[in-house]
Structure formats: structure tokens, C-alpha cells
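**Student:**
Residue numbers (my numbering): 3 to 218.
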């Protein structure tokens, strides 16, 4: 499937979701009005209106939300294929993560998704360490280490993040593994933006990783 076909799907899904949101608001206003007419209680009318509006949207938009997730995955795979990369729904176990000695005695650990390139792998990672410090970001593993840079300030990855865009401002590394604190995965697809703009952002993120860490 090409980029144009995926973009047409994106526009169709967003248009349908917009229509359903509008209909949900109309439904909520109608129910709220009728509830007030019968009960004369504005609080009950508001509660019923909100409940019906939310329920109506969630129920009617269920298939579209699934289609949206499928589109995100299709777009991601199309982008990755351009660079000989793969997306895998696999995670890193806590046991394997601790072997890397990037942190220890974790109270909570979550990992999901793997982005595999020729030179490196990326995992989504969240954890809380024994000092109750929270990490949100990615683990980058260089598959063919050479003279890659080192980042030894561990405190940098536990700061409160402000920038929602992907950056390389908060990195801690050991050997060929890098913890990068970020609120957004570098290969996140945002369907609010055109797929062409998405692909440009993803390619810029890839170049940033290659130039600063992989040194290609």
C-alpha cells in the first residue's frame, strides 16, 4: 500500500470521527434537555447528558478507533520498510534489562514494542527504581558497536520532561546500550498530521539518532 492510499484512509477516518463527535454532542444536548424538562433538576440533566454523549461516541466509534490503530501500524511499517527496518510486538524482560546494569532493584518495569534497524534496536521502556525515580523513554541497543559516544550522567534521565517532541537531551549509557528519556517514541505516528509530515518528522528523528549516537 502506498502513501497516497494511506493518506486517503487517514482523512476518511478523521472525517468520520468528527461527524460522530458532532452527533454525540447533539445526542447529549437532546437528552440533557429532555431530562431537565422531566426532572427540573439541572445537575441530573447535565450528568445524563455527559453520560449519554460519552457512551454514544465510544459505542459508535469503536470500529473507527480500531481502523485508526491499523492505519498507524500500516503507516509505520511503510516508513520502516524504506530503511530496511521492522516493527515487532515484542518486549524486553525485566531480567534481561537488569543484566545491562543500567539500573538495579526496580520496583516496576514495563517494556513493549521493538523497532529493529540494521545498526540498532529500540524498545519502549518505563520503570521505577528503588529510589522511586521514574523513567519514561526508550532503550537503544547498538548491534555493531564501534566508537560510539558515552553518556555517563545518570541523573539526566530522571528529570521531569517538558518537551513533547523526541529529543536526545537526556541520555545515559553503558557499553552499547542507551537509555533515552523522552515523552514520545521517535517513530510515533500522529494521525492529526498528514502522513507526509509524519514521515519527515520520523526521518529527522532517525537522522538525529544516527548522527549523535550511531555515528553513521
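For every residue, glycine included, the Cβ atom is placed at its ideal position computed from N, Cα and C.
Would residue 173 be called buried (16 or more neighbouring beta carbons within 10 Å of its own) or exposed?
**Tutor:** Buried.
**Student:** Within a Cβ cutoff of 6 Å, which residues of the same chain sit near residue 125, ignoring the five residues on either side of it in sequence?
**Tutor:** Counting only Cβ-Cβ distances below 6 Å, and skipping sequence neighbours, we find 94, 113, 116 and 141.
**Student:** I'd like the span of the beta strand (DSSP E) that includes residue 175, first residue to last.
**Tutor:** Its beta strand (DSSP E) spans residues 173–176.
**Student:** Tell me whether residue 58 is buried or exposed, calling it buried when 16 or more other Cβ atoms sit within 10 Å of its Cβ.
**Tutor:** It is buried - the Cβ of residue 58 has at least 16 other Cβ atoms within 10 Å.
**Student:** Quick one: grab the DSSP three-state call for residue 98.
**Tutor:** Of the three classes helix, strand and coil, the one that applies to residue 98 here is helix, per DSSP.
**Student:** For the region 43–63 against the region 21–33, do three or more pairs of beta-carbon atoms, one drawn from each stretch, fall closer than 8 Å, so that the two count as touching?
**Tutor:** In short, these stretches touch, since the Cβ pair count reaches three.
**Student:** List in chain order: all unbroken beta strand (DSSP E) runs of 3+ residues lying wholly within the region 133–171.
**Tutor:** Fully enclosed beta strand (DSSP E) runs of 3 or longer: 136–144.
**Student:** My guess is that residue 130 and residue 109 are in contact by the Cβ rule of under 8 Å, so how many angstroms apart are they, rounded?
**Tutor:** So it is a contact: roughly 5 Å between Cβ atoms.
**Student:** Taking the C-alpha atoms as reference points, what is the distance between residue 165 and residue 42?
**Tutor:** Their backbone Cα atoms lie some 47 Å apart in a straight line.
**Student:** Report whether the distance from the Cβ of residue 77 to the nearest heavy atom of the ligand HEM is below 7 Å.
**Tutor:** For the structure depicted, the ligand HEM is absent and the ligand set is empty, with no information on it obtainable.
**Student:** Quick check: the region 146–154 against the region 77–86, are at least 3 beta-carbon pairs closer than 8 Å?
**Tutor:** Not touching, per the Cβ criterion.
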